[in-house]
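Have a look at the structure below, then the notes.
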Amino acid sequence: MKRFTGAVVALASLALSRSAAAQRSWPVDLQAVATNSSIRQQIVPLGAENVGSSISLRGYEASLIGPSSGFGLYGRYSAGEVGGASKRQLLEGRVLIGSPQFRLELGYAERRHALVDSSLQYLRGGFTTTTNLGTSGIAIRLRAIGTMPVKRDGVPFNQHLGWEGETNVSYTWPRFPVFAQLGYRIESMRHPTGDEEQSSLVMGVGLWLKP
Amino acid sequence: MRTFLAGLCLLILTPAVNAAAQATTDSARRSPAPAVDAAAAPGASGSGTAVGDLIAATRNALNDLKYSDAIELAHEALIQKRLRRSQSVLIVQLLGAAFYPDPDESNATANVDSATYYLRRAVRLQPDAVLPEDIRWRGLDSLYQSVRANTFAALAQPAGEYALTGVDGRAFIEVISARPANIWLRSLNRREGTAVVHDSVRGATRARLAMRAHDGQRPLFIAGEYELQIVVVDASTRNSDTLRYSAIAFGVPPVLEIPPEFPTRAIQPERARRAIASGVVAGALVGSLSVAMARYARHDNAISANVSPDARATTVGVLTLLGGIAGGILDRGKPLPDNARANAELRANHAQTVAAIENANRKRVGDYKVELRIDGEVAR
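Protein sequences appear in the order of chains A and B.
Following the numbering used here, the numbering of the first sequence begins with 1 at its first residue and continues without gaps.
Following the numbering used here, the numbering of the second sequence begins with 1001 at its first residue and continues without gaps.
Okay, here's the thing in structure tokens:
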């Protein structure tokens, strides 16, 4: 019943907010968001059974892309308590090519691998599509990224390959460029010592200036 | 005996005389000359002319109480050619008086029907005419008032020629009605058969009706033959009288440019289409991918073998679908400022073009001159 009431209140506030002035347009697409990821992590060392754990990561993401220039930058950082210690999970930078609606992403990342408990360097590339649903403030995003280690040390290519997929839906307040998002992310990584899979529910709030 | 012969002669002659008198009065009504002139006014009955002499003789006969002589003389006057309206009015008034003698002055028998007939003729010729002082007596006044009250007629006094200019250079025609009436002035183009109402008044006994050369949109007179019609309808009894005048118009109407229609097809949408379709499609696609990723985007290993897909992906997928649908419904269409600017520019340019054409047309219409010559009243 409480969930239902909350949903009704959320929908009512959504409808009411629509009567306010429309959001203005900005010359760039700038997004900065603070995220909290609830992660279900599975690792399976070579020749062993899988081990599951849950961790929670806090993170920050920011992107900037000029609609006319077609270029932009993206950065992501996340950290959390792992094994009783606060550890950096990810530090990443990407170059964006395209538009706010569809862009190719190429970047470099230092990501902690659970099996070796240290950060490894990866090259990452993929694309992101963003569908802004007119003046509603609702946007739907899909991201697909492939991951390849910088140093393979003679390990076959297919044993290093990983990927990341993410979907999210967000709502931007009509009067202020503040938004909230809810998404799902799955990461599957391969390493000579074993495999790792992270399935995350990602919630975030932030600032989004739309062109 | 003399009286009897005179009466017999009158009975024989009356229809012919009446017809002649009618023709004469019709002729008089056709004339655009003023209704009353000094020569025919009471006390100045056209001396020096044959008609004037006959009228004077009629008055003398009436003064001498020689009613039969007066009737004969008046009938003779009525059949004279080139009678003016004022003379016709006076003659039929004298006839009315001759048929309705004052019993205090004479033993002559009153013929009320004949008196009424001639007084009605007088009223129809000139609704506002008054009886000459020298023939009035209380009974005749009463009869005349009664006839006037029951006779509906109108009289117009158009000039012989009018000059009309543009929209504002008006010409006027005076109209007199026997009783309060609704009066219209219209012109009938004889060649094209089209009629134009120029002016009207309601419930008036006197009116000054205006006509123009052009109404700003189209010429009301172009070169050609016209019939000016003054339609007078008694406001209470609905009896009507129509006065018709032949007229010839001279003038070359201006050629007016037609402003271009607004190019509605060139108008671009100022808002994008509502994102209902894209919301549903994006929501369904990305929502499905969320579920599919959780299920299939996994390495083929012990994890995928032993751990079921994350059910939270389904929740996110459903919420994504609902978000897409809600976004599509709530979207009003994104404003397209470039299109709005282009449309505003298009409207402004069109308005400017139309204003320039209208100004040019207004000037041409203002310079349009029509000369209207009235030939005379058309016989009814």
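Heads up, the beta-carbon is just placed ideally off N, CA and C, and yes, glycines get one too.
- Counting C-beta atoms within 10 angstroms of its own C-beta, residue 1103 of chain B has fewer than 16 neighbours from the protein chains shown and is therefore classed as exposed.
- Proximity of residue 98 of chain A to chain B, defined by a Cβ-Cβ separation below 8 Å, is not satisfied.
- Taking 8 Å as the cut-off, the Cβ atoms of residue 1282 of chain B and residue 131 of chain A count as close.
- Counted as a single uninterrupted DSSP element, the alpha helix (DSSP H) harbouring residue 1326 of chain B occupies residues 1312 to 1330.
- For residue 50 of chain A, the residues of chain B that pass the 7 Å Cβ criterion are 1302, 1303, 1306, 1307, in the order they occur in the chain.
- One thing to note: residue 1127 of chain B has its Cβ within 8 Å of the Cβ of residue 1155 of chain B.
- Looking only at A:54, A:186, A:152, the smallest Cα-Cα distance to residue 84 of chain A is reached by A:54.
- With fewer than 16 other Cβ atoms from the protein chains shown falling within 10 Å of its own Cβ, residue 25 of chain A counts as exposed.
- Close partners of residue 1310 of chain B in chain A (Cβ separation under 7 Å): 40, 199.
- Residue 1331 of chain B has a beta carbon lying within less than 8 Å of a beta carbon in chain A.
- Annotation: the continuous beta strand (DSSP E) that includes residue 87 of chain A extends over 85 to 98.
- When DSSP states are grouped into helix, strand and coil, residue 1280 of chain B belongs to the helix group.
- Taking a cut-off of 8 Å for Cβ pairs, the region 1230 to 1240 of chain B and the region 1211 to 1221 of chain B do not touch, as fewer than three such pairs fall below it.
- For residue 195 of chain A, the chain B residues whose C-beta falls within less than 7 Å of its own C-beta are 1299, 1301, 1303, listed in chain order.
- As summarised for the region 1118 to 1192 of chain B, the continuous alpha helix (DSSP H) elements at least 4 residues long and confined to that stretch are 1138 to 1150, given in chain order.
- Under the 10 Å beta carbon count, residue 1176 of chain B is surrounded by 16 or more other beta carbons and is classified as buried.
- Using a 10 angstroms sphere on the CB of residue 1063 of chain B, the tally of other CB atoms stays under 16, which defines it as exposed.
- The three-state reading of DSSP puts residue 49 of chain A in coil, since its state is none of H, G, I, E or B.
- DSSP places residue 1363 of chain B inside the alpha helix (DSSP H), whose first and last residues are 1337 to 1366.
- In the structure shown, residue 128 of chain A falls within a strand segment according to DSSP collapsed to helix, strand and coil.
- At least 8 Å separates the beta-carbon of residue 1050 of chain B from that of residue 1089 of chain B.
- The C-beta separation of residue 1320 of chain B from residue 1287 of chain B comes to about 4 Å, placing the pair in contact by the 8 Å criterion.
- Per DSSP, the unbroken beta strand (DSSP E) holding residue 187 of chain A starts and ends at 178 to 191.
- Within the model, the alpha-carbon separation for residue 80 of chain A versus residue 197 of chain A is close to 17 Å.
- Chain-order list of chain B residues neighbouring residue 28 of chain A: empty, with the shortest C-beta distance near 17 Å, by a criterion of under 9 Å.
- Proximity to residue 92 of chain A across A:141, A:60, A:101, A:170 peaks at A:60, based on C-alpha coordinates.
- By alpha-carbon distance to residue 1060 of chain B, the top candidate from B:1230, B:1081, B:1091 is B:1091.
- Taking a Cβ-Cβ threshold of 9 Å, the residues of chain A close to residue 1313 of chain B are 167, 184, 186, 199, 201, in chain order.
- The closest CA to that of residue 162 of chain A, considering only A:86, A:200, A:113, is found on A:113.
- The alpha-carbon of residue 90 of chain A is positioned some 16 Å away from that of residue 63 of chain A.
- Within chain B, the residues placing a beta-carbon under 7 Å from that of residue 190 of chain A are 1299, ordered along the chain.
- Counting along the chain, residue 1059 of chain B sits inside the alpha helix (DSSP H) bounded by residues 1050 to 1063.
- One Cα belongs to residue 78 of chain A, the other to residue 208 of chain A, and the distance between them is close to 19 Å.
- Residue 1105 of chain B and residue 1138 of chain B have their alpha carbons spaced roughly 12 Å apart.
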